[in-house]
Amino acid sequence: MAEKKGVALGEALNLVNLAGYQDGAVVSRTVIDKPVGTITAFAFDAGEGLSEHTAPYDAFVQVLDGEAEINIEGTTHTVSAGEIIIMPANKPHSLRAVKRFKMLLVMIRA
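Following this line, the structure appears as structure tokens:
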């Protein structure tokens, strides 16, 4: 199969295993990076996170493992494996892993 940025095209992949946990770190693995959007798998060690920022597009998050607190415009949402949340475009948001946490981030640039 063809490979692009470390992900085999045309093969079944286990989402939970795309990015592995590392102590004290945030690990990411790009699945798709196209001009129209990106799909990225993330693994956060407990206590790790992303500081408050904005994005010009809605960001769809699918929680694959663990639990995180996602703050959107001052409101904290606790999300766990099997749940999704959409972070609206141009709204400040941040996240912190309550315990080890994996997510799939999908951004469509439209």
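Residue 1 is where the sequence shown starts when you use full-length UniProt numbering, and the numbers rise one by one after that.
Backbone N, C-alpha and C define an ideal beta-carbon position, used for all residues, glycine too.
As the structure is a prediction and not an experimental result, all values here were calculated from the model.
Whole-angstrom C-beta distance between residue 61 and residue 13, which should lie under 8 Å: As a first step, residue 13 is located in the sequence shown; it is residue number 13 there, counting from the start. As a first step, residue 61 is located in the sequence shown; it is residue number 61 there, counting from the start. That pair is no contact at about 18 Å.
Residues that residue 29 bridges to, as DSSP identifies them: Counting from one through the sequence shown, the residue named residue 29 turns up at place 29. Its beta-bridge partners are 41.
Secondary structure of residue 15, DSSP reduced to three states: Within the sequence shown, numbered from 1, the residue matching residue 15 stands at position 15. Looking at residue 15 - three-state DSSP - the assignment turns out to be helix.
Straight-line gap, residue 89 to residue 10 (C-alpha atoms, nearest Å): Working through the sequence shown from its first residue, we reach residue 89 at position 89. Working through the sequence shown from its first residue, we reach residue 10 at position 10. Near 31 Å, if we compare the C-alpha coordinates of residue 10 and residue 89.
Residue environment, residue 23, which counts as buried when at least 16 other CB atoms sit within 10 Å: Taking the sequence shown and counting its residues from 1, one reaches residue 23 at position 23. Result: exposed.
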